[in-house]
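Participant: Residue numbers for the sequence shown follow this note's numbering, beginning at 3 and rising by one.
We put the CB at the ideal spot given by N, CA and C, even for glycine.
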Amino acid sequence: MSDTPETAQPLGPTSRRGILKSAAVMTVLTFASRVLGLVREQVRGYYLGTGTGADAFGLGSTLPNLFRRLLAEGAMTAAFVPVFTGYKEKKTREELINFLSSFLTLLTCVATAVCLLGIVLADWIVPAFFPGFGSVEGKLALTVVITQITFPYLLLVTLAALAQAVLNTFGRFGPSAFTPILLNLSIILAAYLLHDSFPDPSYAFAVGFVIGGFLQLAFQLPWVFRTGLRLKLSFHWRHPGVRELIRVFLPGAFAAGIYQVNVFVSEMIASSLSEGSIAALGYSIRLQELILGVFVISITTVILPALSSQVAAGDRKGYGETVLLALDSLALVTVPAAFGLIAVREPLLRLLFQQGAFDPDSTSMTGLAVLFHSMGVYFIASSRSLNQAFYAMKDLKTPMLVSVVALVVNVAGCYILAVPLAHGGIAAANSLSAAVTGLLLFVLLLRRAPDVPLVSHLGLLVRVVIASGVMLVALDRLAAFFPCPPDAGKLHLLVHVLIAMAVGAAVFLAAGAVLLRKELAQLVRVVFRRRYRAK
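The structure is reproduced here in structure tokens:
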């Protein structure tokens, strides 16, 4: 309609080239964020290592993140974007503003209530669910205080996530992709400037965490205002759009809650293992997220508005091509990256983290977790894309049911595998759960949308695994020829890692020239903005 704000603008890139070019923009910003995230983890490792403060901050930031993913990122965004897309395309400007204002007010009230309850009940929550911390003097009390400091982050990042969802629906991905950079900078600077100002350096990390949440919200607001949406306080919570959103949101929130139960159970079990287990798993996840953040978050963020638009327009062919494009692109990136991480995990960890309080034992503990976490990278990536495919159809029930199965697999795996593999067993269970999730979503989408050419993706995946396997063998031979002695300095480690990356990339591309020539050429042309020709 003519009076809808910015109706002339597309909801986002819906062509194959548009999706990958938007993803490329996000990839650059997200990669910068992940690099800063590694610097943040280096700072964390230097000041906290895998000791009491590291575990306290790891758990203290996990609890508000648990509710953040429940209320904001994931479930809320998945429910919000399709509903908001419908209002943007079919309703008037005033109706769009009324819907968004009502939902914003409701979300703010709920997030504030959860935030206050978390602060008040932290004294009970932490010892009730993590009794293993009580065996180390002062660890439980420190974790409680860190949790209370970090809980306001929940409110700030919930509102930031809503701002991101609005901007993504208008096809604006850059501002939101930049905000994690602000979070990382905030934590790094707070740790550097304030680590001596508190009884434990972990306090400084908690303060930087909250300041970063504020910056994530504040940075996006100018772009939200430029959409022409003039929001207002509205307690009309029975608004039809809000009711529809809640109806769609609840299954997704349940699924997100189950995912967080997975995280919660993993950390509960890890808290009863040797000291530093939670921290080692956390450092490992940061490396895993580096791979996921380079391209995965970008492509999955971009495709939801595109898929929602295609579903609304009844474009079944375009919908299928978008899903396949996402899966193929993610496989080409995540599989070789995961194989490479397995091959160079020890020298990479020594290069990035081994200094200060992060000693060789910390490297060994984290390396074990990296080995098993890497096995789940592709499955996490594909699951996120497949989830978006269901979300675009306003089907959050199917991902919810799959997440229940994943919960059972993860909990059982954690308890069984933690015995022989310690914290490595928890990482292995996480990857096994991700694999089950990806396979189930794949099969269910094939049944739900038979027009989606998913079977062709399996052929590509097999070829990518073969090419990555050749690369892994080459890197293993390289490690035997060019080893890293225990006393190797940072320069030696840097040269080793760079050579390994160069050799790995060369071998994968050489194998890909035989097995994946068409797919790699297409991806390179689009990412570097060359002339694109459809298949």
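Does the Cβ of Phe392 have 16 or more other Cβ atoms within 10 Å, making it buried, or fewer, making it exposed?
Facilitator: Under this definition Phe392 is a buried residue.
Participant: To the nearest angstrom, report how far apart Arg232 and Val244 are at their CA atoms.
Facilitator: Rounded to whole angstroms, Arg232 to Val244 spans 18 Å at the Cα level.
Participant: Taking the beta carbon of Lys90 as the centre, do at least 16 other beta carbons fall within 10 Å, making it buried, or is it exposed?
Facilitator: Buried is the call here.
Participant: How about the stretch 134-154 and the stretch 186-194: do they share at least three Cβ pairs that are nearer than 8 Å?
Facilitator: In short, these stretches do not touch, since the Cβ pair count stays below three.
Participant: Let's see if you can read the secondary structure: which residues bound the alpha helix (DSSP H) around Ala341?
Facilitator: Checking the displayed sequence, the identity of residue 341 turns out to be Phe instead of Ala. Where Phe341 is concerned, the enclosing alpha helix (DSSP H) stretches over 318-354.
Participant: Following the continuous alpha helix (DSSP H) through Lys399, name the residue where it begins and the one where it ends.
Facilitator: Unbroken alpha helix (DSSP H) run through Lys399: 399-423.
Participant: Thinking Leu373 and Gly426 are a contact (beta carbons under 8 Å), I'd like their distance in whole angstroms, please.
Facilitator: Rounded, the Cβ-Cβ distance is 7 Å, consistent with contact.
Participant: Would a C-beta distance cut-off of 9 Å place Ile293 and Ala339 closer than the cut-off?
Facilitator: For Ile293 and Ala339, yes; Cβs fall inside 9 Å.
Participant: With burial defined as no fewer than 16 other Cβ atoms inside 10 Å of the residue's Cβ, what is the status of Val128: buried or exposed?
Facilitator: Buried.
Participant: Given that a residue counts as buried once 16 or more other Cβ atoms are within 10 Å of its Cβ, and exposed if not, what is Gly39?
Facilitator: Result: buried.
Participant: Label Val464 either buried or exposed according to how many other C-beta atoms from any shown protein chain fall within 10 Å of its C-beta, with 16 as the threshold for buried.
Facilitator: With fewer than 16 other Cβ atoms within 10 Å, it is exposed.
Participant: Taking the alpha-carbon of Ile287 as reference, which of Ile151, Val226, Val313, Met367 has the nearest alpha-carbon?
Facilitator: The shortest Cα separation from Ile287 among Ile151, Val226, Val313, Met367 belongs to Met367.
Participant: Taking only the alpha-carbon atoms, compute the straight-line gap between Gln218 and Phe484 and give it to the nearest angstrom.
Facilitator: If I take the Cα positions, the gap works out to 43 Å.
Participant: Mind checking Ala429: buried by the 16 CB within 10 Å criterion, or exposed?
Facilitator: With 16 or more Cβ atoms within 10 Å of its Cβ, Ala429 is classed as buried.
Participant: Given this structure, state the Cα-to-Cα distance separating Leu13 from Thr79, to the nearest angstrom.
Facilitator: With a pLDDT of only 44 at Leu13, under 50, the local geometry of the prediction cannot be trusted, and no value is derived from it.
Participant: Is Pro253 closer than 9 Å to Val83 when the C-beta atoms are compared?
Facilitator: Cβ distance not < 9 Å, so Val83 and Pro253 don't count as in contact.
Participant: Where are the alpha helix (DSSP H) runs, 4 residues long or more, that stay fully inside the stretch 365-402, in chain order?
Facilitator: As far as the stretch 365-402 is concerned, its whole alpha helix (DSSP H) runs of at least 4 residues are 379-394.
Participant: Take Gln356 and list the residues in its own chain whose beta-carbon comes closer than 6 Å to its own, dropping the five residues that flank it on each side.
Facilitator: Answer for Gln356: Thr365, listed in chain order.
Participant: Thinking C-alpha only, which one of Leu169, Thr439, Lys319 is nearest Phe221?
Facilitator: It is Leu169 whose Cα lies nearest to the Cα of Phe221.
Participant: Can you give me the C-alpha to C-alpha distance between Glu43 and Arg95, rounded to a whole angstrom?
Facilitator: When rounded, the distance between both Cα atoms is 44 Å.
Participant: Alpha carbon to alpha carbon, how far is Ser63 from Arg347?
Facilitator: Near 25 Å, if we compare the C-alpha coordinates of Arg347 and Ser63.
Participant: Excluding the 5 residues preceding and the 5 following Ala165 in the sequence, name in chain order all residues of the same chain whose CB lies nearer than 6 Å to its CB.
Facilitator: Answer for Ala165: Gln222, Val226, listed in chain order.
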